[in-house]
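Numbering (our numbering), first residue to last: 8 to 451.
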């Protein structure tokens with residue numbers, strides 16, 4: 008039970024900028040209190056030089072004391088303080104000050120270590136995002152529309168999946184994309200750099216507008232002014248029945264609600280299913296408890312899901328599958344059918360641990376593209392003196408087989424990439440291939 012209580016404090020969350028439609032990565036929703044959140048009374052203002060230095064020193068010292076890698080990924084952390092502190096002190100606004108903090112943290116090249124101003128706190132369990140209604144992915148080196156939100160202004164103006172974004176404002180989209188990639192901070196891998204740059208391509212404050220140019224499938228160039236608006240992106244379970252007794256299951260984060268709904272679905276809608284496709288291509292992680300609950304459906308009880316270690320190399324937590332859910336004590340019914348997991352560069356954190364564990368156990372086939380490679384653990388959130396918050400990667404992760412996923416990712420057994428023709432035709436070759444494999448195993 009002590010191990011379970013400690014496990015409750017681990018949050019394996021990669022920024023949800025990798026999950027949703029294109030939006031600004033800053034959110035005004037407050038992070039709810041949770042086990043392991045370190046709270047402090049706000050008493051300084053970053054409008055003043057003294058306040059900026061107090062917050063800067065708190066961020067720097069917290070990283071120095073708690074970061075999972077005592078060598079800071081080869082970075083001279085003392086030198087970073089001398090480099091950024093004068094600039095932070097002279098920042099002209101709180102927004103500029105937090106930009107300086109992000110540049111300093113970005114030097115660590117770690118997607119999990121992040122800072123939020125008091126206005127930007129982000130609740131990953133109930134996220135709100137700013138979106139233009141367009142979901143952008145990189146296809147053959149181009150920023151392509153992968154999906155358009157139904158009922159959005161973008162849909163009404165004629166944007167469709169497979170269209171190529173050619174300009175944003177008065178700047179060519181490819182030039183802006185290249186600049187965002189070049190200036191990216193806080194990313195663990197090349198694939199996460201590019202995915203995050205695309206996610207922020209149309210970003211900006213809610214209530215503002217952006218002029219977007221695109222080339223449609225007919226080759227014609229079009230433009231529209233799209234308004235950025237808040238949208239809820241709370242993770243939910245989506246079940247889609249294929250022919251016969253095969254199902255596609257899709258969810259974008261591991262939460263207790265998703266885990267509970269999935270386990271309960273095994274006793275009703277998924278009852279009798281012979282094969283499942285778990286679509287984790289937009290799953291940015293979640294908490295380790297929910298991930299363990301879902302993994303327990305497919306693996307024998309007490310199967311190790313890897314280990315988390317602190318900066319001294321001490322193993323802090325070794326999550327293992329179980330017979331009942333931790334939070335509700337509901338029994339976990341095993342699923343004995345065939346399983347395929349779909350991944351992409353947006354599959355990150357707890358979703359990578361899940362995919363890697365089932366791959367190592369020989370329980371699932373992985374189809375798609377390599378995952379983010381963003382796998383570190385946040386043990387305790389830290390509140391800053393001005394009310395902002397700091398996420399610090401305090402634990403590293405190794406799979407049960409001893410593989411380190413941070414900066415590497417999970418390789419699929421079968422690679423299937425996005426294709427413009429497929430997008431325009433509404434075809435999903437990864438799901439088609441997954442269902443083919445399941446049908447072959449089921450003898451259909």
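Positions of the beta carbon are idealized from the N, C-alpha and C atoms, including for glycine. Computed from a predicted model, the values in this text were never measured in an experiment.
Cβ shell of residue 325 (< 7 Å), same chain only, five flanking positions each side left out
311, 314
For residue 261, which beta-bridge partners are listed by DSSP?
293
Let me know if residue 418 comes out buried or exposed under the rule of 16 or more other beta-carbons within 10 Å of its beta-carbon.
exposed
Counting pairs of beta carbons, one from the stretch 115–123 and one from the stretch 316–332, are three or more of them closer than 8 Å?
no
Taking the straight line between their C-alpha atoms, what separation do you get for residue 396 and residue 125?
7 Å
Can you name the residues that DSSP bridges to residue 322?
316
Give the straight-line distance between the Cα atoms of residue 170 and residue 427, rounded to the nearest whole angstrom.
8 Å
Measuring alpha carbon to alpha carbon, tell me which residue in 280, 449, 223, 285 is nearest residue 438.
285
Roughly how many angstroms lie between the CA atoms of residue 297 and residue 255, to the nearest whole one?
19 Å
Give the single residue among 140, 146, 54 whose Cα lies nearest to the Cα of residue 155.
140
So, residue 229 versus residue 251, is the Cβ gap smaller than 9 Å?
no
When you compare the CB positions of residue 87 and residue 106, do they come within less than 9 Å of one another, or not?
no
With DSSP collapsed to three states, give me the class of residue 50.
coil
Going by DSSP in three states, residue 126 sits in which element: helix, strand or coil?
coil
If you follow the beta strand (DSSP E) that residue 154 is part of, which residue opens it and which one closes it?
149–155
Taking its Cβ as the centre, do 16 or more other Cβ atoms sit within 10 Å of residue 203, making it buried, or is it exposed?
buried
Please look up how many angstroms separate the CB atoms of residue 349 and residue 375, rounded, as I've assumed it's under 8 Å.
5 Å
Could you tell me whether the Cβ atoms of residue 265 and residue 244 are closer together than 9 Å?
yes
Opposing strand residues paired with residue 254 [DSSP bridges]
248, 283
Figure out for me which residue from 93, 357, 188, 215 has the closest Cα to the Cα of residue 294.
357
So, at 6 Å on beta carbons, what are the nonlocal neighbours of residue 159 in its own chain, with the 5 sequence-adjacent residues on each side left out?
140
Would you be able to state if there are at least three C-beta pairs under 8 Å between the stretch 188–201 and the stretch 376–385?
yes
In or out: residue 26 buried (at least 16 other Cβ within 10 Å) or exposed?
Confidence at residue 26 is low in this model, with a pLDDT of 35, below 50, so the placement of that residue should be treated as unreliable; the coordinate-derived value is given next. Label assigned to residue 26: buried.
CA-CA distance, residue 165 and residue 410?
46 Å
Restricting to runs no shorter than 3 residues, where is the beta strand (DSSP E) found entirely within the stretch 191–234?
216–222, 228–234
In whole angstroms, what is the alpha-carbon distance linking residue 253 and residue 335?
28 Å
With a Cβ-Cβ cutoff of 9 Å, do residue 92 and residue 63 count as a contact?
yes
Nearest to residue 238 by alpha carbon, out of 157, 168, 75?
157
As a quick exercise: from 299, 279, 440, pick the residue whose alpha carbon is nearest that of residue 332.
299
Do residue 425 and residue 180 have their C-beta atoms within less than 9 Å of each other?
no
With DSSP collapsed to three states, give me the class of residue 31.
Bear in mind that a pLDDT of 28 at residue 31, under 50, signals an unreliable position, so the number given afterwards is only what the model happens to contain. Correct three-state label for residue 31: strand.
Quick one: what does DSSP say residue 410 is sitting in, helix, strand or coil?
coil
Sequence-distant residues of its chain with Cβ nearer than 7 Å to residue 431 (five each side left out):
168, 169, 224
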